[in-house]
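Before any comments, here is the structure.
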Amino acid sequence: MSDVARRFPENPILRPADICPSIPGMKIECLLNPGVFRFEGKIWLLLRVAERPEQKPGKTSFPVLDREGKLEILEFDNSDPQLDLSDPRVVSYAGQDYLTTMSHLRLVASKEGIHFHEPLLNRPILGQGDLESYGIEDCRVVQIGDTYYLTFTQVSQHGVGVGLRSTTDWREIRALGMIFPPHNKDCAIFGEKIGDKFYALHRPSSPVLGGNYIWIAESPDLVHWGNHRCIAHNRKGMWDSARVGAGAAPIRTPEGWLEIYHGATVNPNRYCLGALLLDLHEPWKVLARSQDPIMEPLAEYERVGFFGNVVFTNGHLVDGDEVTIYYGASDRVICGARFSIREILRTLGR
Ligand code: MAN
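In this text, residue positions in the sequence shown follow this note's numbering: the first is 99, and each later residue adds one.
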């Protein structure tokens, strides 16, 4: 057994019923994959909240944003032969794909990192405009100086890309546009410059040649990215054979940048976590990579949910040798787990 995660005994720490829908009439189906940061003496999660209307018997309905940014509900009859509901995350109708739920982001705070509450007057952070009309998902948060940068998945009829927003006070959040166009997601910006450049991991998908691989890019200003290089492929026959994607910002260790990433198989669909070690000065060089996952969906709440057999993280806190990840379990509930950085490095043969 290669799982070295120490799960919180309190797991799951947040469930859909703990949060109020963004507007009356919506039902929260899933809480997923939070960004994590410290601000004003507290620990904050930026949750992904996935909602849809209460489902009527025999019908499938879900929200999208219309051209004016207003919420519109689309509804289909389940007996319609053009409707494909085989993936619980996707509605396919007559060759057009939609999402079964629309996601927005929501802040919750905690003093000790286990019991989280929504602060008063907390506003949901919603998708805006044509590139976010199916919602925003899986937000990474990285602090550079006084500014927090949010990188998240923008979903629309145009595809899936990476958006950037920034804030210094979490009251005003500035939208800085799409930084990686479709198909791209899982973007984690490094928390400091290396040499005179910023770096980010990202995950383009190539449908014919290539696949769902982790890439690295550099930037002078966090908005314009170039010099892309591919650093990690899927590995046939292994726990990350179908797709891989970065988690949160890489962790600086004396051995190199440690990145906790997700890897998935299909048939069965199963998401695990593993680690990559990147060179401190030339982060496009991979020094080591997990042969076996460091965390697998083992607990009941990780095996059964909205989309079962998923542990997925894009947020953590580092305190000395300890890294605390917050993660989405089975795309339904939020959980926490701790790792020793030294122990992860040992699993990499360091
Ligand atoms: C994708 C993303 C994640 C989700 C996993 C598992 O990688 O959409 O948000 O948690 O799939 O469904």
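Heads up, the beta-carbon is just placed ideally off N, CA and C, and yes, glycines get one too.
Taking one C-beta from the stretch 163–181 and one from the stretch 129–140 each time, how about it: are there three or more such pairs within less than 8 Å?
Fewer than three Cβ pairs drawn from the stretch 163–181 and the stretch 129–140 lie within less than 8 Å of each other, which leaves the two stretches out of contact.
Taking the DSSP output, what are the residues bridged to D195?
Answer by DSSP bridge pairing, in chain order: S190.
Inter-residue spacing [alpha-carbon to alpha-carbon] between L307 and Y191
So the alpha carbons of these two residues sit roughly 27 Å apart.
Where does P217 sit, in a helix, a strand or coil, going by DSSP?
It is coil, neither helix nor strand.
Can you give the Cα-Cα distance for P155 and E173, rounded to whole angstroms?
Those two C-alpha atoms are separated by around 12 Å.
What do you get for S304, buried or exposed, if any count of 16 or more other CB atoms within 10 angstroms of its CB means buried?
That one is exposed.
In terms of residue numbering, what span does the beta strand (DSSP E) encompassing T266 cover?
DSSP places T266 in no beta strand (DSSP E); its state is neither H nor E.
Figure out for me which residue from P222, V189, I111, I121 has the closest Cα to the Cα of E210.
Closest in alpha carbon position to E210, among P222, V189, I111, I121, is I111.
I need the straight-line Cα distance from I483 to N407, nearest angstrom please.
Since the first residue shown for the chain is 99 and the last is 448, residue 483 is missing from the structure and cannot be characterised.
In three-state terms, what does DSSP make of R146?
Strand.
Identify, in the order they occur along the chain, each residue of the same chain with its Cβ nearer than 7 Å to the Cβ of A386, setting aside the five sequence neighbours on each side.
Counting only Cβ-Cβ distances below 7 Å, and skipping sequence neighbours, we find L375, L446, G447, R448.
Restricting to runs no shorter than 3 residues, where is the beta strand (DSSP E) found entirely within the stretch 245–311?
Runs of the beta strand (DSSP E) inside the stretch 245–311: 245–254, 257–265, 272–278, 282–287, 296–302.
Check whether the Cβ of V364 lies closer than 7 Å to any heavy atom of ligand 1, and answer yes or no.
At a cut-off of 7 Å, the beta-carbon of V364 does not count as near ligand 1: no heavy atom of the ligand is closer than that.
Applying the 10 Å Cβ sphere with the 16-neighbour rule, what's the burial state of S428?
Buried, since its Cβ has 16 or more Cβ neighbours within 10 Å.
H331 versus I277, V253, R301, residue with shortest Cα-Cα distance:
Comparing Cα-Cα distances from H331 to each of I277, V253, R301, the minimum goes to R301.
Over what stretch of residues does the beta strand (DSSP E) that includes Y359 continue unbroken?
Run containing Y359: 354–363, per the beta strand (DSSP E) assignment.
Evaluate N412 with the Cβ neighbour count: other Cβ atoms within 10 Å of its Cβ, from every protein chain shown; 16 or more gives buried, anything less gives exposed.
With 16 or more other Cβ atoms within 10 Å, it is buried.
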